[in-house]
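Numbering-wise (this note's numbering), the sequence shown opens with residue 8 and increments by one.
Glycine residues also receive a C-beta, built at the ideal position from the N, C-alpha and C atoms.
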Amino acid sequence: MNERLFLAFPIAGNLLQSSLDWQAGHGAWPARWLPAEALHLTLVAPWAETDQAAVVAKLAEFASSDLAAEIFRQPIEVEFSRIAFGPHRFAPRLIWAEGRAPVALLELKNRLEQAVARPDHRYYRLHLTLARFDPAEWLAQQGLTVLPELSEPISWPARFSGFALYRSVFWPDRVEYVKIKEFAPSL
8 MNERLFLAFP IAGNLLQSSL DWQAGHGAWP ARWLPAEALH LTLVAPWAET
58 DQAAVVAKLA EFASSDLAAE IFRQPIEVEF SRIAFGPHRF APRLIWAEGR
108 APVALLELKN RLEQAVARPD HRYYRLHLTL ARFDPAEWLA QQGLTVLPEL
158 SEPISWPARF SGFALYRSVF WPDRVEYVKI KEFAPSL
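So this is what it looks like as structure tokens:
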């Protein structure tokens, strides 16, 4: 069976609380807010997979490698610096927190892509999706003809010491993210 798998940092601690607080403060907006358990920072974009067990084995091998231990010698630190519409202003459909991807995160992303044989040469944009929305629905509900600008400065730091394999499950009214397994490199 084909599954949509992806690799991500699970969101927890202060970053999770900041995300949930921001969502709660904007709950009246016409958006589908992601629940706490669905919040994640994508490292490797979703791909179609038929052999989940083989992927888990490859990731376990990577997580126990000297290379993973070196990458995670120190936790990977990120900082989200603003809330904006995404993925870009000409076709917005998400509300997300974004920031600059540190070198250590990009190194991990590249090594994970190699481990699961899913290289992706597209530009990587550090983001944390908070909600999805339909622009036409937003405009109709708000009585607008143009979406307002959204560029709210924030300072949401986070540290990560492991990663997880997730599965995307598509429903008519939402996307569900199921965490399959977490990996913490042995140091």
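How is the beta strand (DSSP E) around residue i delimited, first residue to last?
i    : result
G106 : 101-106
From the DSSP output, in three-state form, read off residue i for me.
i   : result
W29 : helix
F92 : strand
L12 : strand
A35 : coil
A19 : coil
Under the DSSP definition of a beta bridge, which residues are partnered with residue i?
i    : result
F170 : F190
E183 : V176
P164 : E86
Can you list, in chain order, the stretches of the alpha helix (DSSP H) that have 4 or more residues and sit fully within the stretch 105-162?
110-122, 142-149
Could you tell me which uninterrupted beta strand (DSSP E) segments, each at least 3 residues in length, are contained entirely in the stretch 47-98, listed from first to last along the chain?
47-56, 83-93
Determine, using beta-carbon pairs with one atom in the stretch 163-174 and one in the stretch 17-26, whether at least three such pairs fall under 8 Å.
yes
Decide yes or no for the touch test of the stretch 77-93 against the stretch 152-166: beta carbon pairs closer than 8 Å, at least 3 of them.
yes
For the structure I just gave you, are there three or more beta carbon pairs, one from the stretch 137-152 and one from the stretch 54-67, closer than 8 Å?
no
Would you say the stretch 39-52 touches the stretch 176-192, given that touching needs at least three Cβ pairs under 8 Å?
yes
Using 8 Å as the Cβ pair cut-off and three pairs as the minimum, do the stretch 112-119 and the stretch 33-43 touch?
no
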